[in-house]
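So the sequences go chain by chain: A and B. Mapping the first sequence onto the numbering used here, position 46 (from 1) lands on 46, and the numbers just tick up by one. Mapping the second sequence onto the numbering used here, position 218 (from 1) lands on 681, and the numbers just tick up by one. Have a look at the structure below, then the notes.
Protein chains: 2
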Amino acid sequence: VEKFKSISPAEFFYRNKEIAGFSNPARALYQSVRELLENALDATDAHGILPDIEITITRDKSKSFVYRITVKDNGIGIPPHYVPDAFGRVLFSSKYVLRQTRGMFGLGAKMVVLYGQMTVGEPVEIITSPIGSRRVYAFKIMIDIKENKPIVLYKASWPKNSDWHGTIVRVAIEGDWGRARQRVIEYVRRTAIVTPYANIVMLTPDNEVYVYRRVTESLPPPPRETKPHPHGIDLEMLKMLIKSSDAKTLEEFLIKEFQGVGKVTAERFMRQYGFDPNRDPRTFTQEELEKLAKALKEYSEFRAPRADHLSPIGAELIKLGLQAILKPEFVEAVTRKPVVYEGHALIVEVGLAYGGAIPPSDHPILLRYANKIPLLYDEKSDVSWKVVAENIDWSYYGIQFPAPLAILVHVCGTKIPYKGVGKESIADVPVIESEIENGLRQVARALKAYLAKKRREEELQRK
Amino acid sequence: VEKFKSISPAEFFYRNKEIAGFSNPARALYQSVRELLENALDATDAHGILPDIEITITRDKSKSFVYRITVKDNGIGIPPHYVPDAFGRVLFSSKYVLRQTRGMFGLGAKMVVLYGQMTVGEPVEIITSPIGSRRVYAFKIMIDIKENKPIVLYKASWPKNSDWHGTIVRVAIEGDWGRARQRVIEYVRRTAIVTPYANIVMLTPDNEVYVYRRVTESLPPPPRETKPHPHGIDLEMLKMLIKSSDAKTLEEFLIKEFQGVGKVTAERFMRQYGFDPNRDPRTFTQEELEKLAKALKEYSEFRAPRADHLSPIGAELIKLGLQAILKPEFVEAVTRKPVVYEGHALIVEVGLAYGGAIPPSDHPILLRYANKIPLLYDEKSDVSWKVVAENIDWSYYGIQFPAPLAILVHVCGTKIPYKGVGKESIADVPVIESEIENGLRQVARALKAYLAKKRREEELQRK
Ligand SMILES: Nc1ncnc2c1ncn2[C@@H]1O[C@H](COP(=O)(O)OP(=O)(O)OP(=O)(O)O)[C@@H](O)[C@H]1O
Ligand SMILES: Nc1ncnc2c1ncn2[C@@H]1O[C@H](COP(=O)(O)OP(=O)(O)OP(=O)(O)O)[C@@H](O)[C@H]1O
Ligand SMILES: [Mg+2]
Ligand SMILES: [Mg+2]
Numbered sequence: 001v002e003k004f005k006s007i008s009p010a011e012f013f014y015r016n017k018e019i020a021g022f023s024n025p026a027r028a029l030y031q032s033v034r035e036l037l038e039n040a041l042d043a044t045d046a047h048g049i050l051p052d053i054e055i056t057i058t059r060d061k062s063k064s065f066v067y068r069i070t071v072k073d074n075g076i077g078i079p080p081h082y083v084p085d086a087f088g089r090v091l092f093s094s095k096y097v098l099r100q101t102r103g104m105f106g107l108g109a110k111m112v113v114l115y116g117q118m119t120v121g122e123p124v125e126i127i128t129s130p131i132g133s134r135r136v137y138a139f140k141i142m143i144d145i146k147e148n149k150p151i152v153l154y155k156a157s158w159p160k161n162s163d164w165h166g167t168i169v170r171v172a173i174e175g176d177w178g179r180a181r182q183r184v185i186e187y188v189r190r191t192a193i194v195t196p197y198a199n200i201v202m203l204t205p206d207n208e209v210y211v212y213r214r215v216t217e218s219l220p221p222p223p224r225e226t227k228p229h230p231h232g233i234d235l236e237m238l239k240m241l242i243k244s245s246d247a248k249t250l251e252e253f254l255i256k257e258f259q260g261v262g263k264v265t266a267e268r269f270m271r272q273y274g275f276d277p278n279r280d281p282r283t284f285t286q287e288e289l290e291k292l293a294k295a296l297k298e299y300s301e302f303r304a305p306r307a308d309h310l311s312p313i314g315a316e317l318i319k320l321g322l323q324a325i326l327k328p329e330f331v332e333a334v335t336r337k338p339v340v341y342e343g344h345a346l347i348v349e350v351g352l353a354y355g356g357a358i359p360p361s362d363h364p365i366l367l368r369y370a371n372k373i374p375l376l377y378d379e380k381s382d383v384s385w386k387v388v389a390e391n392i393d394w395s396y397y398g399i400q401f402p403a404p405l406a407i408l409v410h411v412c413g414t415k416i417p418y419k420g421v422g423k424e425s426i427a428d429v430p431v432i433e434s435e436i437e438n439g440l441r442q443v444a445r446a447l448k449a450y451l452a453k454k455r456r457e458e459e460l461q462r463k
Numbered sequence: 464v465e466k467f468k469s470i471s472p473a474e475f476f477y478r479n480k481e482i483a484g485f486s487n488p489a490r491a492l493y494q495s496v497r498e499l500l501e502n503a504l505d506a507t508d509a510h511g512i513l514p515d516i517e518i519t520i521t522r523d524k525s526k527s528f529v530y531r532i533t534v535k536d537n538g539i540g541i542p543p544h545y546v547p548d549a550f551g552r553v554l555f556s557s558k559y560v561l562r563q564t565r566g567m568f569g570l571g572a573k574m575v576v577l578y579g580q581m582t583v584g585e586p587v588e589i590i591t592s593p594i595g596s597r598r599v600y601a602f603k604i605m606i607d608i609k610e611n612k613p614i615v616l617y618k619a620s621w622p623k624n625s626d627w628h629g630t631i632v633r634v635a636i637e638g639d640w641g642r643a644r645q646r647v648i649e650y651v652r653r654t655a656i657v658t659p660y661a662n663i664v665m666l667t668p669d670n671e672v673y674v675y676r677r678v679t680e681s682l683p684p685p686p687r688e689t690k691p692h693p694h695g696i697d698l699e700m701l702k703m704l705i706k707s708s709d710a711k712t713l714e715e716f717l718i719k720e721f722q723g724v725g726k727v728t729a730e731r732f733m734r735q736y737g738f739d740p741n742r743d744p745r746t747f748t749q750e751e752l753e754k755l756a757k758a759l760k761e762y763s764e765f766r767a768p769r770a771d772h773l774s775p776i777g778a779e780l781i782k783l784g785l786q787a788i789l790k791p792e793f794v795e796a797v798t799r800k801p802v803v804y805e806g807h808a809l810i811v812e813v814g815l816a817y818g819g820a821i822p823p824s825d826h827p828i829l830l831r832y833a834n835k836i837p838l839l840y841d842e843k844s845d846v847s848w849k850v851v852a853e854n855i856d857w858s859y860y861g862i863q864f865p866a867p868l869a870i871l872v873h874v875c876g877t878k879i880p881y882k883g884v885g886k887e888s889i890a891d892v893p894v895i896e897s898e899i900e901n902g903l904r905q906v907a908r909a910l911k912a913y914l915a916k917k918r919r920e921e922e923l924q925r926k
């Protein structure tokens, strides 16, 4: 007879840690460093703070394969009453709003704590002091897996005698530095390339120190919280928006709850589809809601989403970064206009580097980023790879493989449709695929012109 | 100021449906058929029932891109008081036990319901009658996403006037049959190959009918629930086992809660590590638990896991299946002995087919299965691909590419470490990688001998 039961989200991710990228000790060490570093960057550059981040990875003196990871940042800190849930409750987050951040699931820090708890059994240590707070707070936390809630083993606080603000996270996990080393170092390096305003220092178990000093004091404008765009709104989201809105009429609802809808646009929209502007949206029947959702999806006159709440890397910075790491003879980059995916605004950026010190290979070298996070694994199941390897006929642009060609793709937005909670590859979403393709064709055309010009000059020289 | 909140598992998977394989209408149609068919097979062959399964996919008459999917089975049915949670509560399942089943997450049916709810807005319809029940039960269910609980819009029951038992699931979703068609048909065909005891009929939106008649009445022994093996037990699992066990002493705990541990083995184990057999495991300190977990992991005298609770396809059936689909000139297959991964017993099976009607290609054709589920996507991020394309030097076995070579890999066990909840590829787990490699070398050696013999015969003929 079948034994039915339900389990908590903590138990789900404890049983299925491979789903979150923790599939073996080397991957777990990589993923743990990532999750903590991504949290540190979200706590700084999304809040107008020039990041100063220190990462320390050391071997435990007695237990083999046990590593202690410490990540320290000068970010906004965490209000003490939220710390236990932030590190001890799966699906708890401050990033469930519509804003471009690296984090989005409410899971990362908890996976690190869970993995440490199951492999080593020690609590995570948190030290934090929010901006403006006069105290420093310290915690030792474990997760009650069955109930999905934090177990606070220790907490303390003391007066702050400096103006330090930020967070220190210390955890002990089973890992494998030998196998993880190359990817961890690559990950931090590729992070530094797109955050030239950050100081990042990493001490490794082999006692190597990697220092990425900031090369600019100018922080890009931080991403801002926004409203959903009407395109791609599904029925459930529409129902949720209506439920949580204080708007009394349909017209007020459209203007207040969406971006890209002003009074004039709202009136035209309602007139075109025969909606009553004064109707209370809470009184709509299921059929009327379906009609409204369908109309919102197809109406083409809504203003395209603005880019100003998003935070792309920028074409100049992409070119600088490619120049610095690859030393190519030619480099080009483009930042596309925003598009909409299920109500979310997305910007795709594409960079191309050719020749110079790039070694020839059978496929383009692909450097992927999503919300400024470097994606290093699962390349072949990423939508970018599909575009670069299948949708583009490179011979049309004058490229014969093997060729010295590198492509950088950055997708940023208020939601990244990752294929997995380990954030390694982006799903096959049609609008993203076509944006990458169009951006790639733009930079490839520039390469084609460059190669043609180069060939003409070489022929002239020969004569 | 950061807005902290927690969300329910239903809201998590609603917001991140790409994580579960629902990344576009074509994938969603494929995934929906899969999830329902996998549930129907679990309800039959895991319970000694020869499966009779009907799949119907029809276009909605008025709404474009809306499809209605119906899956009917003759399985064990669902007790009516569990139906609402089974289809309306995310992370609710009867497969959270240690038994080889296709399902494992408690999510599949709910994802189909969620996706239908957000794209079309109609409830899922369930009709079910458990074996031995005298009534048939009908439900219409939607999911309260915020609270992660079912909304029962309709329920009814009536006396059963036949001995039918089983379940019918009917749902309306947005899909794209044009783009999904090839993969859905391939998925059902590859399912039928490894379930030759099943009748599967599928009616498609193009009014095609695919019929897979059973070619045998003999069902393999159903998989059975088992206990964890001591190898790979982590601290958390050890604590949970102790907590839920009614054993009064350590000796009783070891014998009762694990497979592969008899009285003699338990005594030897405890003596070797200096444990007191009469100690109540509930009194162990954190340090003693760590010592016990470590000892359980390393002690080499525990009996290897038995294969009898698992349900592999079997070498004969793999060869038959490869022969039938590929018409090769040579075929070989091997079923490996069970190994342990984190307390779970796993069996890897490898099949190889060469020549004949197989078209030559640059890489081996790879047919992947996990717990008898065909895996069609994300091939290049699967551990099998890594072994087939990187770990094996095919020239050593007499293979020069392009070559007409196909490999089948089946991994079965009480837990499959998938990379994602969409069940498309298996994570890089070291013991699985080495098992696939060893199995592959076994069948490749047989191919090498065959090719050598063939070459000798051809040379003899030439003289
Ligand atoms: N270093 C930090 N500084 C400030 N806040 C932090 C820090 N680390 C974690 N947090 C807070 O804890 C919350 C939970 O972090 P966690 O990594 O689990 O989820 P997330 O970052 O929101 O999403 P994701 O799972 O995608 O990483 C964050 O939303 C953030 O509010
Ligand atoms: N056709 C069916 N016949 C009998 N029981 C079913 C059927 N479909 C679903 N169930 C029951 O409903 C439960 C939930 O199904 P669901 O697909 O959501 O999860 P699962 O199959 O347990 O795991 P997974 O998410 O990996 O598919 C199953 O565990 C099973 O007990
Ligand atoms: Mg995070
Ligand atoms: Mg299922």
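Even for Gly, the Cβ is constructed at its ideal location relative to N, Cα and C.
Item	Value
The region 319-329 of chain A in contact with the region 193-210 of chain A per 3-pair CB rule at 8 Å	yes
Where alanine 444/A falls, given that 16 or more other Cβ within 10 Å makes a residue buried	buried
Any non-hydrogen atom of ligand 4 closer than 6 Å to asparagine 502/B Cβ	yes
Range covered by the alpha helix (DSSP H) that runs through isoleucine 145/A	Premise fails: isoleucine 145/A is in no alpha helix (DSSP H) and is neither H nor E.
Short CB-CB distance (under 7 Å) between proline 927/B and chain A	There is simply no residue 927/B to check, as chain B begins at 464 and stops at 926 in what is shown.
Touch test, the region 537-546 of chain B against the region 506-514 of chain B, Cβ-Cβ under 8 Å, three pairs minimum	yes
Distance cut-off 6 Å: glutamate 517/B Cβ against heavy atoms of ligand 1	no
Among Asp42/A, Lys72/A, Glu174/A, Ser133/A, the one whose alpha carbon lies nearest that of proline 159/A	Ser133/A
Any non-hydrogen atom of ligand 4 closer than 6 Å to glycine 566/B Cβ	yes
Neighbour flag for lysine 711/B against chain A, beta carbons, 7 Å	no
Strand pairing of tyrosine 675/B, partner residues [DSSP]	Ile663/B
Cβ-heavy atom distance, threonine 630/B to ligand 2, below 6 Å	yes
Burial state of tryptophan 627/B, where buried means 16 or more other Cβ atoms lie within 10 Å	exposed
Contact check, glutamate 812/B vs threonine 798/B, beta carbons under 7 Å	yes
Alanine 491/B Cβ short of 6 Å to ligand 2 heavy atom set	no
Contact under 7 Å by Cβ, phenylalanine 555/B with isoleucine 604/B	no
Near ligand 2: isoleucine 541/B beta-carbon under 6 Å from a heavy atom	yes
Supposed contact pair isoleucine 718/B and valine 724/B - C-beta distance, whole angstroms, cut 8 Å	6 Å
Selected residue, minimal CA-CA separation from asparagine 670/B, among Ser525/B, Lys612/B, Arg644/B	Arg644/B
Three-state secondary structure (DSSP) of phenylalanine 716/B	helix
Check: histidine 628/B C-beta below 6 Å from any heavy atom of ligand 5	By its list of ligands, the structure shown excludes ligand 5, since it contains just ligand 1, ligand 2, ligand 3 and ligand 4.
Chain-ordered neighbours of aspartate 163/A on chain B, where CB pairs are closer than 8 Å	Going along chain B, no residue has its Cβ under 8 Å from aspartate 163/A, so there is no contact; the nearest lies around 19 Å.
CA-to-CA distance, serine 311/A to serine 218/A, given in whole angstroms	14 Å
Sequence-distant residues of the same chain with beta carbon closer than 8 Å to arginine 213/A, five excluded per side	Asn199
Test: alanine 635/B CB closer than 7 Å to a CB of chain A	no
Residue-chain proximity (tyrosine 817/B, chain A), Cβ-Cβ < 7 Å	no
Contacts of isoleucine 126/A in chain D (Cβ-Cβ under 9 Å)	The structure shown has no chain D; the protein chains it does contain are A and B.
N-terminal and C-terminal residue of the beta strand (DSSP E) that arginine 766/B is part of	Note, arginine 766/B: premise wrong, no beta strand (DSSP E); not H, not E.
beta-carbon alanine 549/B near ligand 2 non-hydrogen atom, thresh 6 Å	yes
Enclosing alpha helix (DSSP H) for methionine 582/B [first to last residue]	What sits at residue 582/B in the sequence shown is threonine, not methionine. Where threonine 582/B is concerned, the enclosing alpha helix (DSSP H) stretches over 571-582.
Proximal chain B residues relative to leucine 235/A, where beta-carbon distance stays under 8 Å	Gln580, Met581, Thr582, Val583, Gly584
Outcome for asparagine 741/B when other beta-carbon atoms lying within 10 angstroms are tallied against a minimum of 16	exposed
Collapsed DSSP secondary structure at glycine 641/B in the structure displayed	helix
Partners in chain B for glutamine 286/A, counting only beta-carbon separations shorter than 7 Å	Gly584
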